[in-house]
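Each protein sequence line maps, in turn, to chains G and C.
So in our numbering, the last spot in the first sequence is 246, and the numbers never skip.
So in our numbering, the last spot in the second sequence is 491, and the numbers never skip.
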Amino acid sequence: MLLKDKWQGALYSLVVVIILWQAVAWLLKLPIVPFPWAVCVNIAEIFASKMEIHVLYSTARVLAGIAIAMLLGIPLGFLMGYYEKVDKILSPLVYFTYPVPKLALLPIVMLLFGLGETSKLIMIVIIIVFQIIITARDAVKDIPPEIFRSLKSLGANKLQVFSEIILPASLAEVLTSIRLALGTAVSVLFFTETYGTEYGMGYFIMDAWLRVNYLDMYAGIVVLSFMGFCLFIAIDIAEKYLCSWR
Amino acid sequence: MIAIKDLTVKYQTKNEEILALDRLNINIGKGEIYTFIGPSGCGKSTFLYVLSGILKDYSGSVLIDGQIINPKSQRIGLILQNYGLLPWKTVYQNAMLGVKIKNQPPVEEYSSYIFRKLGIDNLLNRYPKELSGGQQQRVALARAFILKPDLLLMDEPFSALDAISREEMQELFLNIWKENNVTTIFITHSVDEALYLGRKIVVFSPSPGRILKVIDNPCFQLDNLRYRDEYYDMSARLRKILDKG
């Protein structure tokens with residue numbers, strides 16, 4: 001899709017969501033569904049004073065989680081894709097644990113690592129790392145053998161095979177898997193921020209809810225969604241830039 | 247010079263052991279061009295993989311200038327049927343890949359000469375997917391020649407091209423080859439191509455691959471080859487040998 005089409009698509013969906021929201025607010029006329037405009041005004045008023053710190057915390061957590069998941073998942077996936085033996089040893093493990101609902105592991109993680117930052121990061125990492133591993137592995141396996149052949153006949157060493165073939169060939173797929181994992185990562189982030197912290201958008205939204213401050217609550221939801229959207233776009237742009245050959 | 251003695255390659259499949267190449271013996275002099283012809287599945291490509299150092303599991307000996315094949319120390323140019331270009335690299339980067347892997351200093355003058363000669367000097371910033379098959383094969387040729395290889399291996403490089411661009415590429419290739427005199431092994435299943443490009447023609451048997459015959463090719467470098475009697479005589483002779491298998 002062209003960049004212009006994408007922006008038009010995004011704008012179109014934004015308009016549709018606002019119209020629907022407005023309509024629901026009109027129909028219900030309840031304080032739990034405030035008007036979009038009121039929420040926007042509220043965001044403008046409280047962002048600098050009350051929300052900024054929470055946005056920073058959440059962004060940092062989600063970015064750190066993705067970074068750790070990439071650092072673990074990409075090399076592991078590459079090894080599994082390149083070396084049949086590594087794949088044979090690790091594949092059953094990955095397949096066996098993949099369908100386990102990771103959120104159910106939350107109590108264990110909390111018991112082992114406490115309520116602080118570590119357990120939050122670990123939750124994000126375990127939930128998205130598997131997708132990254134599997135995508136990286138399959139991307140390497142999908143590289144046609146003749147591409148390796150032409151480089152091997154030139155006498156390329158392992159490092160050159162990695163930098164000239166494996167990394168560029170699989171980068172696009174890996175970025176796509178991260179983009180898909182991002183949605184999940186933000187949901188998990190929200191969930192983990194509802195306990196053991198006073199910072200983060202999850203905390204902000206739940207706190208506003210408990211204080212029956214619906215305007216703040218909606219402001220939090222909108223800002224959290226916008227944050228996810230920005231990360232999504234950032235990966236999209238990175239993909240466009242790094243994989244322009246596709 | 248390439249000295250091949252008792253080269254045998256076996257494959258292990260699930261149920262049985264398959265003999266792909268059976269005791270090949272041949273010497274190829276420096277600066278020679280040999281075409282290898284044989285029915286499909288006769289092990290021609292296997293032979294090439296051994297020579298390019300990709301396949302290491304063989305018995306017998308294969309020496310290039312007295313040394314065991316090692317793509318790290320020898321310069322081997324390999325051109326495959328599907329070009330072997332990296333889709334994420336531009337034409338220029340692809341063509342320079344050999345020199346880059348070998349850590350050789352870039353040879354701008356020579357490479358731009360090759361680009362011009364192959365008619366790809368205006369395509370250098372494109373990606374392979376933006377090129378036609380013939381153009382991609384020109385890039386693969388450029389990569390091989392810029393490397394200044396000790397040995398050039400070609401695995402049916404023009405068979406995916408249409409008839410007109412195939413003949414054009416054969417002529418272009420021969421043209422550059424003459425200037426460089428690289429020892430070349432050219433694998434083909436086309437009698438016409440074997441006659442046009444090979445100073446000597448090696449005929450393979452059907453599987454397991456054995457060398458049936460090595461023929462001096464009187465047609466090599468004759469003008470207007472395809473209109474001459476020698477060409478028809480030789481094609482008939484080659485086809486007979488191939489048919490008898």
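For glycine and all other residues, C-beta sits at the position ideal for the given N, C-alpha and C.
Query: Of all Cβ atoms in chain C, is any one closer than 7 Å to the Cβ of residue 22 of chain G?; Result: no
Query: Counting only C-beta atoms, is residue 245 of chain G closer than 7 Å to chain C at any point?; Result: yes
Query: Going by alpha carbons, who is nearest to residue 76 of chain G out of G:24, G:132, G:116, G:234?; Result: G:132
Query: Suppose contacts are defined by Cβ-Cβ distances below 7 Å. Is residue 389 of chain C in contact with residue 343 of chain C by that definition?; Result: yes
Query: Could you tell me the distance, in whole angstroms, from the CA atom of residue 237 of chain G to the CA atom of residue 88 of chain G?; Result: 35 Å
Query: Just to confirm, is the Cβ distance from residue 373 of chain C to residue 245 of chain G under 7 Å?; Result: yes
Query: When burial is assigned at 16 or more other CB atoms within 10 Å of the CB, is residue 391 of chain C buried or exposed?; Result: buried
Query: What are the residues in the segment 346-369 of chain C lying within 9 Å of chain G by C-beta distance?; Result: 346, 347, 348
Query: Assess, as a yes-or-no matter, whether the segment 142-161 of chain G is touched by the segment 111-121 of chain G under the definition of 3 or more beta carbon pairs within less than 8 Å.; Result: no
Query: Mapping DSSP to helix, strand and coil, what is residue 282 of chain C?; Result: strand
Query: Compute the beta-carbon to beta-carbon distance between residue 185 of chain G and residue 66 of chain G, rounded to the nearest angstrom, for a pair I have assumed lies under 8 Å.; Result: 6 Å
Query: Taking 7 Å as the threshold (C-beta atoms), are residue 239 of chain G and residue 189 of chain G in contact?; Result: no
Query: Residue 385 of chain C and residue 331 of chain C: beta carbons closer than 7 Å?; Result: yes
Query: At least one CB of chain G closer than 7 Å to the CB of residue 378 of chain C: is that the case?; Result: no
Query: Given a cut-off of 7 Å, decide if residue 377 of chain C and residue 323 of chain C are closer than it, judged by their beta-carbon atoms.; Result: no
Query: Anything in chain G within Cβ reach of residue 318 of chain C, meaning under 8 Å, just list it in chain order.; Result: 155, 157
Query: Run the CB neighbour count on residue 489 of chain C, radius 10 Å, all protein chains shown included, and call it buried at 16 or more, exposed below.; Result: exposed
Query: Between residue 405 of chain C and residue 284 of chain C, how many whole angstroms is the CB-CB distance? I'm expecting something under 8 Å.; Result: Not quite, the Cβ-Cβ distance comes to about 14 Å (not below 8 Å), so this is no contact.
Query: Figure out for me which residue from G:182, G:234, G:140 has the closest Cα to the Cα of residue 167 of chain G.; Result: G:140
Query: Does the segment 426-434 of chain C touch the segment 456-468 of chain C, meaning 3 or more C-beta pairs lie closer than 8 Å?; Result: no
Query: Let me know the secondary structure DSSP gives residue 401 of chain C once reduced to three states.; Result: strand
Query: Less than 6 Å between C-beta atoms, sequence neighbours within five positions excluded: which residues of the same chain meet that for residue 329 of chain C?; Result: 382, 383, 386
Query: Pull up the DSSP beta-bridge partners for residue 249 of chain C, would you.; Result: C:273, C:309
Query: Once the 5 residues before and after residue 110 of chain G are set aside, which same chain residues still bring their CB inside 7 Å of it?; Result: 119
Query: Taking residue 435 of chain C as the reference, give the member of C:423, C:422, C:449 with the closest Cα.; Result: C:449
Query: Taking 8 Å as the limit between beta carbons, can you name the residues of its chain near residue 104 of chain G, skipping five residues before and five after?; Result: none
Query: Between the segment 214-221 of chain G and the segment 43-55 of chain G, can you find at least three pairs of beta-carbon atoms closer than 8 Å?; Result: yes
Query: With distance defined between alpha-carbon atoms, name the residue in G:194, G:229, G:5, G:177 nearest to residue 54 of chain G.; Result: G:194
Query: At a Cβ cut of 7 Å, what residues of the segment 290-315 of chain C count as close to chain G, listed as they run along the chain?; Result: 298, 299, 300
Query: Specify the secondary structure class of residue 329 of chain C as computed by DSSP and reduced to three states.; Result: coil
Query: Would you say residue 392 of chain C reaches chain G, if we count a Cβ-Cβ gap shorter than 7 Å as a contact?; Result: no
Query: Enumerate in chain order the residues of its own chain whose CB-to-CB distance from residue 336 of chain C is below 8 Å, with the five nearest sequence positions on each side excluded.; Result: 370, 371, 372, 373
Query: Identify whether residue 228 of chain G lies in helix, strand or coil by the three-state DSSP scheme.; Result: helix
Query: Restricting to Cα atoms, I'd like to know which of G:215, G:192, G:41, G:142 is closest to residue 281 of chain G.; Result: Residue 281 of chain G falls outside the range modelled here, since chain G spans only 1 to 246, and no answer is possible.
Query: How far does the beta strand (DSSP E) with residue 458 of chain C in it extend, from its first residue to its last?; Result: 457-462
Query: Can you tell me which of the three DSSP states residue 136 of chain G falls into?; Result: helix
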